[in-house]
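Novice: When you line the sequence shown up against the numbering used here, it's residues 147 to 266, in that order.
Idealized CB from N, CA, C, for every residue including glycine.
Quick caveat: nothing in here was measured; it's all calculated off a predicted structure.
Here you go, one structure.
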Amino acid sequence: MTLSTHAMKGMSGNGAKAFQCIACGALITRSDHLISLEGRSRHVFVNPLGIEFDLQTFSSCAGAIAVEEATVQHTWFSGYSWRFAFCRQCGEHLGWYYEGVSSLSRPSRFWGILLSRIFS
Ligand SMILES: [Zn+2]
């Protein structure tokens, strides 16, 4: 690998930053899919056990797959149900997939991906 191609690693053609799975390196999403919720794309939550979750919200996440039944229990985004999101390639837990409970929800769906599970 030459120095110039190394410098380009993680960049797509339009200059957006690529985010990859920390476990297997698969491409998960890119910085041009970041989406703002409540005015920001980065969200920090603390669960009842005191564990902190640092998320970024994306409109699309081609490398992730949402599994299991959607639930609104303990949702971090009011008006949205959630499902677990895993890496399509290796099954690593990456975060959650959120869908609006109402058809009027904007955005209608988005992904909340843990910063600790991706790298760029
Ligand atoms: Zn993976």
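Nearer than 6 Å: is that true of the beta carbon of Phe-172 relative to any heavy atom of ligand 1?
Specialist: Reading off the sequence, residue 172 comes out as Ala, not Phe. Flag set: Cβ of Ala-172 near ligand 1.
Novice: Would you list the residues sitting across from Phe-191 in a DSSP beta bridge?
Specialist: Phe-191 is bridged to Phe-199.
Novice: What's the call for Ala-153, buried or exposed, on a 16-neighbour Cβ count within 10 Å?
Specialist: At Ala-153, the pLDDT of 45 sits below 50, so the modelled position is not reliable; the number obtained from the coordinates is stated separately. Classification of Ala-153: exposed, given that the 10 Å Cβ count is below 16.
Novice: Going by other Cβ atoms of all chains shown within 10 Å of its Cβ, with 16 needed for buried, is Arg-263 buried or exposed?
Specialist: Arg-263 comes out buried.
Novice: Looking at the unbroken beta strand (DSSP E) that takes in Gly-246, where does it start and where does it end?
Specialist: Taken as a continuous stretch (DSSP letters only), the beta strand (DSSP E) holding Gly-246 covers 239 to 246.
Novice: On the three-pair Cβ rule with 8 Å, is the segment 182 to 202 touching the segment 252 to 259?
Specialist: At 8 Å Cβ cutoff, the stretches touch.
Novice: Going by DSSP in three states, Arg-252 sits in which element: helix, strand or coil?
Specialist: It is coil, neither helix nor strand.
Novice: Please go through the same chain and pick out, in chain order, the residues whose beta-carbon is closer than 7 Å to the beta-carbon of Val-192, but skip the five residues on each side of it.
Specialist: Around Val-192: Glu-198.
Novice: Can you name the start and end residues of the beta strand (DSSP E) that Gln-219 belongs to?
Specialist: Here Gln-219 belongs to no beta strand (DSSP E), and DSSP marks it neither H nor E.
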